[in-house]
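Participant: Take the sequence shown: its position 40, counted from the start at 1, is 980 in the numbering used here, and no numbers get skipped.
I have a structure I would like to understand better, so I am pasting it below and will then ask my questions one at a time.
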Amino acid sequence: MTEPTGIPPLHESPLARAIGAVLAGSFAAVQRLRPPRPIHSRGVVLRGEMRWIPDAESAGVTFIDHAPPGPVPAIARVSRSLGLPAPLPDIIGLAVRVDLAEWDRGTAGTLRGEAPGRQPGAASPMNDKTGPASPVADVELASAGWNVPARFLLLPHRRAERARLGSLLPFRGTRGAVLLVARTASGRPPATDPRELDGADDTPWVLTLGHATPAGPWHPFARLVLRLDPDQDDRGLRFDAVRRPIPGARWPAWVRAARQPSYARVQPDDAEIRTPTTQPAAAGT
């Protein structure tokens, strides 16, 4: 496999590579029946912004700990994994893409508690060795439990706003393993299936984002405000949190070996990437 897929070399995590190969084959088989997405085949596109919470607990992750003073544009997709119709319970998925260029401009390379302003010649967080070169970062969450061990398990829900949406698999920051979670603070998504959008209003769905060590308490660090996007074309929204990680996040080899073969199998390398700043089709672009 090539490096852009995020799959580690064969000698790393051989057991996880075997699991990944099995999952990739399963995804490919399901994709033949449900193209182009084998899971989360239908989703609702949302658009909004992410605002950091002042004086939040640090995580040892650049993206979390560098808090811009203003909002950062975001685009998201909420969906049901199996596509079961509401009100049947299903695994709720929320994938979020944030604009790293806007985040980088807002942070000016400073950590919480430091004086604002970057020293001459100081590196941007976008270009540090733990950060991605991509202008966007993806966060992928699914309905899971809140406490240990349920935070590592997929749990079906009838309604997205009642679900705790977690990352399930940990990435590594400078202080060890980190998990992410999103929990509804107010409102709800207009729908989880585009066929249910008739009569949907523009009430915002507000979520609190948090981080935790695998066995530790959750710490809120940002608010995510999402509304229905006028442009529901989701062809450019193929998310991959490993290939487009948040700055400061390193994915362990075993995680990449288990999950990335499936992504490489069902996502084309030259797929269009829709950014949070792309203007909706309704705006005439």
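We treat Cβ as the ideally placed atom computed from N, Cα and C, and that holds for glycine.
Source: prediction; values computed, not measured.
Cβ atoms of Val-1118 and Val-1195: under 8 Å apart, would you say?
Facilitator: Contact flag unset, no.
Participant: Quick check: Leu-1108 and Ala-1084, are their CB atoms within less than 8 Å of each other?
Facilitator: Going by C-beta atoms, Leu-1108 is nearer than 8 Å to Ala-1084.
Participant: May I have the straight-line CA-CA distance separating Ala-1125 from Gly-946, to the nearest angstrom?
Facilitator: The alpha-carbon atoms of Ala-1125 and Gly-946 are separated by roughly 34 Å.
Participant: In chain order, what are the residue ranges of uninterrupted beta strand (DSSP E) at least 3 long that sit wholly in the segment 1159-1219?
Facilitator: Listed in chain order, they are 1159-1168.
Participant: Between the Cα of Gly-1156 and the Cα atoms of Arg-1163, Ala-1077, Pro-1089, which residue gives the shortest distance?
Facilitator: Here the closest residue by C-alpha is Pro-1089.
Participant: What three-state label does DSSP hand Val-1104 in the structure shown?
Facilitator: It is Arg, not Val, that sits at residue 1104 in the sequence shown. Note: Arg-1104 maps to strand in three-state DSSP.
Participant: Using 10 angstroms around the beta-carbon of Ala-958, count the other beta-carbons present and answer buried if the total reaches 16, otherwise exposed.
Facilitator: When all chains shown are included, Ala-958 counts as exposed.
Participant: Quick one: grab the DSSP three-state call for Ile-1004.
Facilitator: Ile-1004 falls in the helix class under three-state DSSP.
Participant: Across the segment 1036-1046 and the segment 1006-1016, are there enough close Cβ pairs to call them in contact, namely three or more that are closer than 8 Å?
Facilitator: Touching, yes, given that three or more Cβ pairs across the two stretches are closer than 8 Å.
Participant: Apply the 10 Å Cβ neighbour rule to Glu-1212 and answer buried if 16 or more other Cβ atoms are within range, or exposed otherwise.
Facilitator: Counting Cβ neighbours within 10 Å, Glu-1212 comes out exposed, since fewer than 16 surround it.
Participant: Would you say Pro-1027 and Arg-1112 are within 8 Å of each other, going by their C-beta atoms?
Facilitator: It is not a contact, given that the beta carbons lie outside the stated cut-off.
Participant: Checking 8 Å against the spacing of the C-beta atoms, do Val-984 and Pro-1130 come in under that value?
Facilitator: Contact: yes.
Participant: Could you tell me the boundaries of the alpha helix (DSSP H) in which Gly-1046 lies?
Facilitator: Run containing Gly-1046: 1040-1047, per the alpha helix (DSSP H) assignment.
Participant: Counting along the chain, where does the beta strand (DSSP E) carrying Arg-1135 start and finish?
Facilitator: Counting along the chain, Arg-1135 falls outside any beta strand (DSSP E), and DSSP gives it neither H nor E.
Participant: How many angstroms separate the CA atom of Ala-1197 from the CA atom of Pro-1008?
Facilitator: Spanning the two alpha carbons is a distance of roughly 33 Å.
Participant: With Asp-1169 and Arg-987 assumed to form a contact (beta carbons below 8 Å), what rounded beta-carbon distance in angstroms separates them?
Facilitator: Their Cβ separation, rounded to whole angstroms, is 4 Å, which keeps Asp-1169 and Arg-987 in contact under 8 Å.
Participant: Could you check if Pro-949 is buried or exposed, using at least 16 other CB atoms within 10 Å of its CB as the buried criterion?
Facilitator: The residue is exposed, with fewer than 16 neighbouring Cβ atoms inside 10 Å.
Participant: Between Leu-1034 and Leu-1095, which are expected to be in contact by the criterion C-beta below 8 Å, what is the C-beta distance as a whole number of angstroms?
Facilitator: Wrong, their Cβ atoms sit about 14 Å apart, outside the cutoff.
Participant: Look up Gln-1077 in the DSSP assignment and say whether it is helix, strand or coil.
Facilitator: A quick correction: the sequence has Ala, not Gln, at residue 1077. Three-state result, Ala-1077: strand.
Participant: Measure from the alpha carbon of Ala-1103 to the alpha carbon of each residue in Ala-1122, Arg-1184, Phe-1092, then state which is nearest.
Facilitator: Among Ala-1122, Arg-1184, Phe-1092, the Cα nearest to that of Ala-1103 belongs to Ala-1122.
Participant: May I have the straight-line CA-CA distance separating Leu-1105 from Arg-1091, to the nearest angstrom?
Facilitator: The straight-line gap from Cα to Cα measures roughly 9 Å.
Participant: For Pro-1075 and Leu-1164, I'd like the C-alpha separation in whole angstroms.
Facilitator: Going by the C-alpha atoms only, they are around 19 Å apart.
Participant: How would you write the range of the beta strand (DSSP E) that Thr-945 sits in, first residue to last?
Facilitator: Unbroken run through Thr-945: none, as it is neither H nor E.
Participant: Which residue or residues does DSSP assign as beta-bridge partners of Pro-994?
Facilitator: None, per the DSSP bridge assignment.
Participant: For Ile-1004 and Phe-1179, I'd like the C-alpha separation in whole angstroms.
Facilitator: Going from the Cα of Ile-1004 to the Cα of Phe-1179 covers about 19 Å.
Participant: Would you report the Cα separation of Pro-1154 and Gln-1219, rounded to the nearest angstrom?
Facilitator: Between Pro-1154 and Gln-1219, the C-alpha separation is close to 38 Å.
Participant: With a cut-off of 8 Å on the beta carbons, I'd call Pro-1185 and Ala-1077 a contact; round off their distance for me.
Facilitator: Right, their Cβ atoms sit about 6 Å apart.
Participant: Which same chain residues end up closer than 8 Å to Glu-1101 when comparing Cβ atoms and leaving out the 5 residues on each side of it in sequence?
Facilitator: Taken in chain order, the residues that qualify are Thr-1124, Gly-1127, Arg-1128, Pro-1129, Trp-1145.
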